[in-house]
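Chemist:
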Amino acid sequence: MLRRLYAFFFVSIFFVNKVFAQNIIVGVHYSPPWSYVNNNGEIVGIEKEIIEGAFEKRGYNVEFKIYGYSRLIKEITDKKVDFASPIAVNIPNILPVDHYLPFHDVAMTLKSRDLKVDNVSDLKGKAVVAYQKASYVLGDEYRNVVESNTELYKEIHGRENQIQMLFRGRTDIVVGEERILVYLSEKLYGPGKVSIHPIFQKTNYGGAAWSESLVNDFNRGLEVLKNSGEYQEMLDKHRSIEQ
Numbered sequence: 551m552l553r554r555l556y557a558f559f560f561v562s563i564f565f566v567n568k569v570f571a572q573n574i575i576v577g578v579h580y581s582p583p584w585s586y587v588n589n590n591g592e593i594v595g596i597e598k599e600i601i602e603g604a605f606e607k608r609g610y611n612v613e614f615k616i617y618g619y620s621r622l623i624k625e626i627t628d629k630k631v632d633f634a635s636p637i638a639v640n641i642p643n644i645l646p647v648d649h650y651l652p653f654h655d656v657a658m659t660l661k662s663r664d665l666k667v668d669n670v671s672d673l674k675g676k677a678v679v680a681y682q683k684a685s686y687v688l689g690d691e692y693r694n695v696v697e698s699n700t701e702l703y704k705e706i707h708g709r710e711n712q713i714q715m716l717f718r719g720r721t722d723i724v725v726g727e728e729r730i731l732v733y734l735s736e737k738l739y740g741p742g743k744v745s746i747h748p749i750f751q752k753t754n755y756g757g758a759a760w761s762e763s764l765v766n767d768f769n770r771g772l773e774v775l776k777n778s779g780e781y782q783e784m785l786d787k788h789r790s791i792e793q
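Converting from the sequence shown to the working numbering requires adding 550 to each position, the first position being numbered 1.
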């Protein structure tokens, strides 16, 4: 009888927690393999798994939405999502969480062209395409170079579009996160076709929310993921296909 009471108690607690778990909406940036939509229409990827895992450790039910970067920033600024990731631009009064995305922005060129790109100044006079808001994210030197390159510089939505521009000869250089660019270039055109130029510093990013309690809960959940080894497993499981 006592065992049945204990079993009933724990089952009841489980269902109560499920019923009263807080539902939140998380916006992520379309950037495979970090966050993207698979062939079944599901949002998947490293970033998505980390965020979901951290919040689930704290009892949240998470609904994901995926956007281009400018739209993502607008959604969180207008408070239409509860949490957005990654946040690499300044949004007044928003609360950042601990970092969990090891990003490395690079310049990518076609190996067949053998272009010399050893530093940011080597971008001068070349056609460059980058992700939205790159001129705000990548620092003053980069901003000054691309502003002097106005007719040759574009920031556009869609990583596949950027890579297609490179392979079709419509741009000289694509600037973006290394894992994303290599993953997509190999997926679309096969391995061994591009050169990577590490002209920017590696940077760690995180997400942000307006709610202090949500930020604190995420940070606690992320700490659990890291201490258990699950966080590193998530990073390792979805390596770009060149690895």
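Every residue gets a Cβ at the ideal spot worked out from N, C-alpha and C, and that includes glycine.
Remember, it's a predicted structure, so these values are computed and weren't measured experimentally.
Would you call the stretch 605–623 in contact with the stretch 733–743, where contact means no fewer than 3 C-beta pairs closer than 8 angstroms?
Modeler: Between the stretch 605–623 and the stretch 733–743, the count of C-beta pairs closer than 8 angstroms stays below three; the two stretches do not touch.
Chemist: Using the C-alpha atoms, what's the distance from V576 back to L785?
Modeler: Against the sequence shown, residue 785 aligns to sequence position 235. Against the sequence shown, residue 576 aligns to sequence position 26. Approximately 20 angstroms, taken between the alpha carbons.
Chemist: Of all the beta strand (DSSP E) runs that stay within the bounds of the stretch 701–731, which reach a length of 3 or more residues?
Modeler: 703–705 and 723–727
Chemist: For V561, which three-state DSSP category applies?
Modeler: To locate residue 561, count along the sequence shown from 1; it is residue 11. Bear in mind that a pLDDT of 45 at V561, under 50, signals an unreliable position, so the model cannot answer this.
Chemist: With H, G and I counted as helix, E and B as strand and the rest as coil, what does DSSP make of V695?
Modeler: As a working mapping, residue 695 is identified with position 145 in the sequence shown. The three-state reading of DSSP puts V695 in helix, counting H, G and I together.
Chemist: Below 8 angstroms on the Cβ atoms is my guess for Q714 versus G618; work out the distance and round it to an integer in Å.
Modeler: As a working mapping, residue 714 is identified with position 164 in the sequence shown. As a working mapping, residue 618 is identified with position 68 in the sequence shown. With a Cβ gap of about 16 angstroms, Q714 and G618 do not count as contacting.
Chemist: Let me make sure I understand the geometry here. Which of V679, S585 and Q572 has the alpha-carbon closest to that of L622?
Modeler: The residue you call residue 622 lines up with position 72 of the sequence shown. When only C-alpha atoms are compared, the closest one is S585.
Chemist: Which residue spans inside the stretch 596–655 form an unbroken alpha helix (DSSP H) run of at least 4?
Modeler: 596–607 and 619–627
Chemist: Quick one: grab the DSSP three-state call for N754.
Modeler: The residue you call residue 754 lines up with position 204 of the sequence shown. Residue state, collapsed to three classes: strand.
Chemist: List the whole-angstrom C-beta distance separating Y755 from L651, where the pair is believed to meet the contact cut-off of C-beta under 8 angstroms.
Modeler: Looking up residue 755 in the sequence shown gives position 205. Looking up residue 651 in the sequence shown gives position 101. Contact holds; Cβ gap of about 4 angstroms.
Chemist: Return helix, strand or coil for A571, following the three-state DSSP convention.
Modeler: Walking along the sequence shown from the start, residue 571 turns up at place 21. It is coil, neither helix nor strand.
Chemist: Quick one: Cα of K676 to Cα of L716, how far?
Modeler: The residue given as residue 676 occupies position 126 in the sequence shown. The residue given as residue 716 occupies position 166 in the sequence shown. Spanning the two alpha carbons is a distance of roughly 12 angstroms.
Chemist: Suppose you measure from the CA of I723 to the CA of T659; what does that come to, to the nearest Å?
Modeler: In the sequence shown, residue 723 corresponds to position 173, counting from 1. In the sequence shown, residue 659 corresponds to position 109, counting from 1. Computed Cα separation, rounded: 5 angstroms.
Chemist: Is it right to say V587 is buried, meaning 16 or more other beta carbons lie within 10 angstroms of its own, or is it exposed?
Modeler: If you number the sequence shown from 1, residue 587 lands on position 37. V587 comes out exposed.
Chemist: Do F605 and F750 have their CB atoms nearer than 8 angstroms?
Modeler: Working through the sequence shown from its first residue, we reach residue 605 at position 55. Working through the sequence shown from its first residue, we reach residue 750 at position 200. No, Cβ-Cβ distance for F605 and F750 is not below 8 angstroms.
Chemist: Sorted by chain position, which residues of the same chain lie with C-beta nearer than 6 angstroms to S745's C-beta, five sequence neighbours on each side aside?
Modeler: Numbered from 1 along the sequence shown, position 195 holds the residue referred to as residue 745. Same-chain partners within the cutoff: T659 and K661.
Chemist: State yes or no: is the C-beta of A758 within less than 8 angstroms of the C-beta of A634?
Modeler: Position 208 of the sequence shown, counted from the first residue, corresponds to residue 758. Position 84 of the sequence shown, counted from the first residue, corresponds to residue 634. Cβ distance < 8 angstroms, so A758 and A634 count as in contact.
Chemist: To the nearest angstrom, how far is it from the Cα of E691 to the Cα of T700?
Modeler: Here residue 691 corresponds to residue number 141 of the sequence shown, with the count starting at 1. Here residue 700 corresponds to residue number 150 of the sequence shown, with the count starting at 1. Their Cα atoms are separated by approximately 15 angstroms.
Chemist: Is it true that the CB of E705 sits closer than 8 angstroms to the CB of P680?
Modeler: For the purposes of this step, residue 680 is taken as residue 130 along the sequence shown, with counting starting at 1. For the purposes of this step, residue 705 is taken as residue 155 along the sequence shown, with counting starting at 1. Position check: residue 680 holds Ala in this sequence, whereas Pro was assumed. Taking C-beta atoms as the reference points, A680 and E705 count as a pair closer than 8 angstroms.
Chemist: Take the Cβ of D632 as the centre, count every other Cβ of all protein chains shown within 10 Å, and call the residue buried at 16 or more, exposed below.
Modeler: Numbered from its first residue, the sequence shown carries residue 632 at position 82. Answer is buried; the Cβ neighbour count reaches 16.
Chemist: Between N777, Y686, N766 and R663, which has its C-alpha nearest G743's C-alpha?
Modeler: Indexing the sequence shown from 1 puts residue 743 at position 193. Per the sequence shown, the amino acid found at residue 743 is Lys instead of Gly. It is R663.
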